[in-house]
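Residue numbers (this note's numbering), protein chains in the order written: chain A, 50 to 910; chain B, 167 to 479; chain C, 2 to 301. Notes for the one structure printed next.
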Amino acid sequence: MAEAHPVGFQWVVEAKRRGATIIHVDPRFTRTSALADVHVPIRAGSDIAFLGGLVNHVLSNDADFREYVVAYTNAANIVDSDFQDTEDLDGLFSGYDPESGHYDPTTWRYEPPEDPTSDEQELQQELEHEEHEGGSDGHAQAHLAAQSEARGSGGAAVPWKGRRDETLQHPRCVYQILKRHFSRYTPEMVQEVCGISPEQLRQVAESLVANSGRERTAAFCYAVGWTQHTTGAQMIRTASILQLLLGNIGRPGGGIMALRGHASIQGSTDIPTLFNILPGYLPMRHADQHQSLDQWLADDEGKAGFWGESRSYAVSLLKSYWGDAATPDNDFCFDYLPRVTGDHSSYTTVKAQIEGRCKGYFLVGENPAVGSANGKMQRLGLANLDWLVVRDLQMIESATFWKDGPEIETGELVTEEIGTEVFFLPAASHVEKAGSFTQTQRMLQWRDKAVEPPGDARSELQFYFQLGKRIRQKLAGSTDEMDRPLLDLTWDYPADELGDPEPETVLREINGTGPDGAALSAYTELKADGSTACGCWIYCGVYADETNMARRRKPHWEQNQVAPEWGWVWPANRRILYNRASAAPDGSPWSERKRYIWWDADEGKWTGDDVPDFIPDRSPDYVPEDGAKGPAAIRGTDPFIMQTDGKGWLFATVGLADGPMPTHYEPPESPLPNPLYQQQNNPTRRSLATASNPLNPSYTEVFPYVFTTYRLTEHHTAGGMSRTLPYLTELQPEPFCEVSPRLAAERGLEHLGWATIVTSRTAIEARVLVTDRVRSLRLGDRTIEQIGLPYHWGPNGLVPGDSPNDLVNVTMDPNVYIQDKVGTCDIRPGRRPRGSALTAYVEEYRRRAGVEETTTEGTQG
Amino acid sequence: MSFRERAMVPEPEFESYYGRPILKQPTWKTPDVPLYLFLGGLAGASAVLAEGAALTGRPALEKVARLAAAGGAAGGTVALVHDLGRPERFLNMLRVIKPTSPLSVGSFILAPFGALAGAAAASQVTGVLPRLGRLAGAGAAALGPPLATYTAALVANTAVPAWHEAHRELPFVFAGSGAQAAGGLAMMLVPTDQAGPARRMALGGAAVEILAAEGILKKGLVAEPYDQGRPGKLMKVARFATAAAAAATVVGGRSRVLSALAGATYLTASLATRFGVFEAGLESARDPKYVVVPQKERLARKQTGGAAAHTAG
Amino acid sequence: MSTPVESSLWGRLDDPAADAGYADHPKRKGFFTDTSVCIGCKACEVACKEWNQVPDDGFLLTGMSYDNSQQLGASTWRHVAFVEKPIDVPAPVDLGMPTIGSEDQGAVSGDAGVRWLMSSDVCKHCTHAACLDVCPTGALFRTEFGTVVVQPDVCNGCGYCVPACPYGVIDLRKEDGRAFKCTLCYDRLKDDQTPACAQACPTESIQFGDLDELHERADRRLAELHEKGVDVARLYGRDPEDGVGGDGAFFLLLDEPEVYGLPPDPVVTTRDIGSIWKHVGAAAGALVAVGVASFLGRRR
Ligand SMILES: Nc1nc2c(c(=O)[nH]1)N[C@H]1C(S)=C(S)[C@@H](COP(=O)(O)OP(=O)(O)OC[C@H]3O[C@@H](n4cnc5c(=O)[nH]c(N)nc54)[C@H](O)[C@@H]3O)O[C@H]1N2
Ligand SMILES: Nc1nc2c(c(=O)[nH]1)N[C@H]1C(S)=C(S)[C@@H](COP(=O)(O)OP(=O)(O)OC[C@H]3O[C@@H](n4cnc5c(=O)[nH]c(N)nc54)[C@H](O)[C@@H]3O)O[C@H]1N2
Ligand code: SF4
Ligand code: SF4
Ligand code: SF4
Ligand code: SF4
Ligand code: SF4
Ligand SMILES: [Mo]
């Protein structure tokens, strides 16, 4: 965190000053470790085992915050009798289809209620019907379209709240299932998988437990050390389980903080640049599943919780897209929505480029030739396009691959034979345009323009607005139905003399307006009848009272501890989500020390420094009537209001592609067999079959070492913004790898000398830093060596170098299609072969390791 | 470097930051600055010699010494200006006079000395304005000893351990070395019958220098750079040459050849001393040991109230 | 220019600006750099260069941990040191001293533990600044804030300040010939702004302010750390009685100064200027004596 989020890390330092214990779990000793109280070195890719060990510690010592767990989580829920755990199936859950590599989650659901309501009966019949009809097709579709991510602001819908055993004794209650599931994650097992000693595990576990409960809270921060794995989503799930068990969610000083990446990467999931979701985490329309507005919304609509109002959000979105053209009669132009047919994620699209199925490509603020896994695949894709538009601040590798990419050197690509027409458009940087960033804490902060962009550089807003205008001009007068979605768009922003729209008008559009045209102030004001328009329901309120709330900059020392008047946080300027959980079920604070939001019985409302994340006047003893829907169905004691059952999920009955509970699988490339189960890898991981993406076989002598990739404070991701600047380049002037003294001795690597690092994809060279900060890990009776590779370099820039991403394979997490940042490799002293000798060198490695020509398509078991 | 490797070498006696210097190396260039030190000494002592010769009626000696004074000053000025990062701003030296800056003080010695010695030499050679020439010569003679010795203040008034810690001895080393150079040059160029004072001056200088240098070499760690490596070699050459020249002076008496040889050897010794002192300084700034160890000892002494303690490392 | 009085050449001096002749002047400004919270992000280095338009210092991978700027110099006015030290017996973790792994881990893998200290160094703006004392042109001067600044338009590149500085801070820029160092953002101070480096520091490792107030803060912080058992913590440059009369920029360190490349007991060279001149005088006298003696006696 100190390395990649130094500004955010100031608060960790502040917490430490106030007595917090900081624990850092990382394969390497980093700048974060240097400030931490404890550094826990871990084998890359093994975090589920480590976190599982902590869960096991909590459960087997009854160290959970029982009152919280019983009241606020689904620990008491009883799971369907057909459910089978990885314990029963040696690493698989029930419902796995080896052919498709997908799970059918039907058996993961809660046991149906004893006396179901009529709705619930209907649902049960539907589910059973689906099962008989081989419903896994539907699941496969849902998986491919990555629909689980459309839960960014809530959980997947469950058909019923199910039966509960609040004593937690029922053998099929979530609590007991969890206990059995994690009993395998013993301290000894953790050592064998992660290389973490039982003493250190105990130290971490005890410190975590001691800092949780009524009086204290503990927080988790993570970033891509967890996400970028074929089991990434489940790593975070494990942390969620731990935090729920310890009562650390919805409480001050608790929670799980995703440290996001690029300055507004949170913003670009809220108002997504992703293929599978629409603003506010509404699912992207699926071509088969969603033939009508009703079908599209069927999953969530009317369910308990705030997702139950999804029609209001969706209709308001359609109104903001198509304005007057969107009417109840035409389903508010629902049919204008583009549709997905499956996986259109980045890596899959690259494969489509290589196969000639994707012909044109926009690269806007992205440098995949360096930043994305398997650089060769990326470049081969780009080289096979008809046209490519690159908008960037710098002449990046993704714009120049056709003349100076590594494949030109090896002869795999020949400049004269590349047909891609590249358009390079200079872009205005963040200081050269105004706009908002949504950061890691869901906070929107407005930036003013500091300087004019140089030369022809323009903002994205200007570019897309003008592009849209020109396309619409070309289509003007068309009678083709196909052109209606474009022609009916509301596309009328006031712009300056350069054609650059006023960014605040866009923010206002996102905020939404009511029937009178005035800015709305809360998403609860949104209507399903078409009288409101809103570009992103969760952002509704950022322009309340016609004021740009994101631009508020009142210093924290001039307001209360929550500092609500700095920027604006979605939803509803609420700083801690699910903060109803900061009070006990009866509405009183768990402790005075940790009081945050509580029930004021006299006033009949929730109160505290933050905006309560609850229905403001819903009394703690409120019990919904049978058949209640939407917010009305939220019990006075159910803090997780976006979940249809109001509970924090220890066990995910739906929504995850790879199982209801986290399970340790080895990374796709691993030096050892999975010590926990027969099942070596995540059975639902998504692999890409192309000749340029061969995988190293696991546990081979040819690729004996683990490598992991990461960032340096001094550089930024693919380097376009840092390798081009002398002040940053001088601080980390060359690509390097970090190795332990033991590995250096084993392979004859010299400090500051050259090393060649090889995988089945290619070999790169880097200078060597021998350092005790990378340590050899002892797993059972073997020692694992890890190689650290900062991934910022490429052939362009002030000091060029090989790009570590050329080493990385593309195998993805099945929920969100992110690549794995770790792999196996060999390392040798000296520089790599040049030209075609390089290809031969790598070919020889592949031959020795017995790498198959191509890997099989899709997911595999 | 591998930390493992480092841990295997014997426990270092002091710690440092990757063996990096703590002090900045003086940016003064070789040969400019050591040459300047040498020429300053030569010129300053020569002015004294010239005035003595004038007073005692040794025209040949006077002429050589006057020219040496003027030439040394001119050459020294050239060397100094050449060494400046911005030679065109040499005159900025004369903006202020600061007693805390020997370079400032030195500028106010060098400038008038150069003018006076130049005038005296010019008058001597051309015969023009002989009185004023004599007056100028007397002035130069007065400024000569400060010119020959202030350069010791110049180097000693720095943080460079080998220079600063020798600030008591260096002025004498420089005075002696200057006398040697002036005497030596005269011994080479002046007929022996007039060179008596030159021989005595060189001999006297040699004695002063050797005594003072001995004092430095007794200083323990700070003396190390004067004793080891290239500066150590230069200092040894200087000592040996001084001794040889002195012996030759005493033994050789009035032999023209021996006298000239001895004179050249004095000059060599003086040059070697300047280069040796200069480079010893550079070396002591380069190796953090010379900063850390004595300073730690000093601290320890302070803490134990003066009781000698050796706690470095 | 006035001749400084003997007493202000070294020793305690509470008001260097007044000593330099400012009758009416703001309080002395300085830095307290608390290295125990430095995360080595180098934002200070970059901010300094950006604000002061200092050129880059070359692209060299040094292998000195993550420190590729190596030292303070004419083109590096802030320098972040990375002290990577193996430790054989890791300190117990609850001492607040970061260590890698537990003792057992180290024993299992055979690797030593490691400690990584980061510290951002800068010109000390000494109470008695040798650089300023020796500068023959007056290019270096004491500002009304008590700081020490070079005027590039006066500097003639004589280089005297370079070996004079007991901390090895100031240096000549090769391509340019003149001396450069931290100005404590003189221009920003005049506008009542915080220096760029302190402004950029995310963890408040660099604290800027009135020196007397910083002294108090530092003393409190030291006490706090000692209370937590971090006995290795110490202040450096805080003592107005030290060899330079105390630093305008002082530090909290977690190890011996020399480990960070700092001199353990720096002394302003001009503390000895009196003695130096005395010896120069005596030596000049000796030269005169040798000269006179050379002409005495028998004429040969
Ligand atoms: N200076 C700087 N800041 C940045 C960026 C940058 O490029 N430079 N990029 C921004 C972006 S886009 C992002 S996404 C964030 C990312 O922020 P981070 O996630 O912090 O970035 P990384 O350095 O990639 O990874 C963090 C750490 O994960 C460790 N790690 C690697 N594999 C594993 C593993 O299997 N398990 C565990 N526990 N740790 C592992 C690495 O050693 C590394 O120290 O940073 C943002 N901030
Ligand atoms: N092996 C490995 N690979 C990784 C990771 C890893 O940890 N390990 N991390 C991954 C992660 S988390 C990320 S986010 C990616 C990042 O990978 P990329 O997004 O491909 O890399 P960036 O260098 O951030 O690319 C951003 C580009 O946008 C340009 N830019 C900046 N501002 C603007 C603007 O306002 N407009 C336009 N048009 N352009 C602009 C910059 O100049 C830069 O070239 O890398 C991923 N790749
Ligand atoms: S670069 Fe910007 S976003 Fe990243 S830490 Fe620094 S201030 Fe924050
Ligand atoms: S640290 Fe050096 S450069 Fe800075 S004021 Fe002191 S003597 Fe001058
Ligand atoms: S180099 Fe410049 S600043 Fe330094 S002493 Fe000489 S004139 Fe003064
Ligand atoms: S005070 Fe100003 S000049 Fe000095 S280091 Fe900081 S930013 Fe640079
Ligand atoms: S900005 Fe602050 S935290 Fe970062 S390196 Fe500089 S002093 Fe350390
Ligand atoms: Mo990222």
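Backbone N, C-alpha and C define an ideal beta-carbon position, used for all residues, glycine too. From a predicted model like this one, the values you see are computed outputs, not experimental measurements.
Residue i and residue j look like a contact to me (Cβ under 8 Å); what is the Cβ gap, rounded to whole Å?
{"i": "alanine 211/B", "j": "alanine 347/B", "result": "7 Å"}
{"i": "proline 264/C", "j": "proline 167/C", "result": "6 Å"}
{"i": "glutamate 814/A", "j": "tryptophan 803/A", "result": "6 Å"}
{"i": "tyrosine 180/C", "j": "glycine 158/C", "result": "Going by the sequence as given, residue 180/C is alanine instead of tyrosine. Yes, they are in contact, since the Cβ atoms of alanine 180/C and glycine 158/C sit about 7 Å apart, within 8 Å."}
{"i": "isoleucine 833/A", "j": "arginine 92/A", "result": "6 Å"}
Against residue i, what residues of chain E qualify as contacts under a CB-to-CB distance less than 8 Å, listed in chain order?
{"i": "cysteine 166/C", "result": "As a matter of chain content, chain E is missing from the structure shown, whose protein chains are A, B and C."}
Taking only beta-carbon atoms, is residue i less than 8 Å away from chain C?
{"i": "threonine 408/B", "result": "no"}
{"i": "lysine 385/B", "result": "no"}
{"i": "glutamine 461/B", "result": "yes"}
{"i": "leucine 547/A", "result": "no"}
{"i": "tyrosine 316/B", "result": "yes"}
{"i": "glutamine 781/A", "result": "yes"}
{"i": "lysine 229/B", "result": "no"}
{"i": "alanine 181/B", "result": "Inspection of the sequence shows that residue 181/B is occupied by glutamate rather than by alanine. Yes, its Cβ sits closer than 8 Å to a Cβ of chain C."}
Verify the contact flag: residue i, CB atom, against every heavy atom of ligand 7, threshold strictly below 7 Å.
{"i": "cysteine 365/C", "result": "Shown here, chain C extends from 2 to 301; a query on residue 365/C therefore has no answer."}
{"i": "cysteine 583/A", "result": "no"}
{"i": "cysteine 124/C", "result": "no"}
Could you check whether the Cβ of residue i sits closer than 8 Å to any Cβ belonging to chain B?
{"i": "leucine 242/C", "result": "The amino acid at residue 242/C is misidentified as leucine; the sequence shows glutamate. No, because no Cβ of chain B sits closer than 8 Å to the Cβ of glutamate 242/C."}
{"i": "tryptophan 78/C", "result": "no"}
{"i": "valine 20/C", "result": "As written in the sequence, residue 20/C is aspartate, which differs from the valine given in the question. With 8 Å as the cut-off, aspartate 20/C does not count as an interface residue toward chain B."}
{"i": "arginine 40/C", "result": "Reading off the sequence shown, one finds isoleucine at residue 40/C, where the question assumed arginine. No, because no Cβ of chain B sits closer than 8 Å to the Cβ of isoleucine 40/C."}
{"i": "histidine 280/C", "result": "yes"}
{"i": "valine 135/C", "result": "yes"}
Looking at residue i and ligand 2, is the gap between the Cβ and the nearest heavy atom below 7 Å?
{"i": "glycine 158/C", "result": "no"}
{"i": "proline 417/A", "result": "yes"}
Cβ-heavy atom distance between residue i and ligand 8 below 7 Å?
{"i": "glycine 310/A", "result": "yes"}
{"i": "lysine 56/A", "result": "Reading the sequence as shown, one finds valine at residue 56/A and not lysine. For ligand 8, not one heavy atom lies less than 7 Å from the Cβ of valine 56/A."}
Output yes if chain A places a C-beta closer than 8 Å to the C-beta of residue i; else output no.
{"i": "asparagine 69/C", "result": "yes"}
{"i": "leucine 61/C", "result": "yes"}
{"i": "threonine 195/C", "result": "no"}
{"i": "threonine 184/C", "result": "no"}
{"i": "lysine 50/C", "result": "yes"}
With respect to 7 Å, is the separation between the Cβ of residue i and the closest non-hydrogen atom of ligand 6 below this value?
{"i": "leucine 185/C", "result": "yes"}
Does ligand 1 have even one heavy atom less than 7 Å from the beta-carbon of residue i?
{"i": "serine 93/A", "result": "Looking at the sequence shown, residue 93/A is not serine but alanine. Alanine 93/A Cβ: within cutoff of ligand 1."}
In chain order, each beta strand (DSSP E) run of at least 3 residues that lies wholly inside the segment 648-678 of chain A: Whole beta strand (DSSP E) segments, 3+ residues: 654-657.
Residues of the segment 143-155 of chain C whose Cβ lies closer than 8 Å to any Cβ of chain A, in chain order: Under the 8 Å Cβ criterion, the segment 143-155 of chain C contributes no residue.
Ordered list of alpha helix (DSSP H) runs contained in the segment 535-565 of chain A, each at least 4 residues: Within the segment 535-565 of chain A, the complete alpha helix (DSSP H) runs of at least 4 residues are 552-560.
Any alpha helix (DSSP H) of 4 or more consecutive residues that is wholly inside the segment 255-286 of chain A: 273-276
Residues, ordered as in the chain, of the segment 58-70 of chain A that lie near chain C by beta-carbon distance below 7 Å: Phe58, Gln59 and Val62
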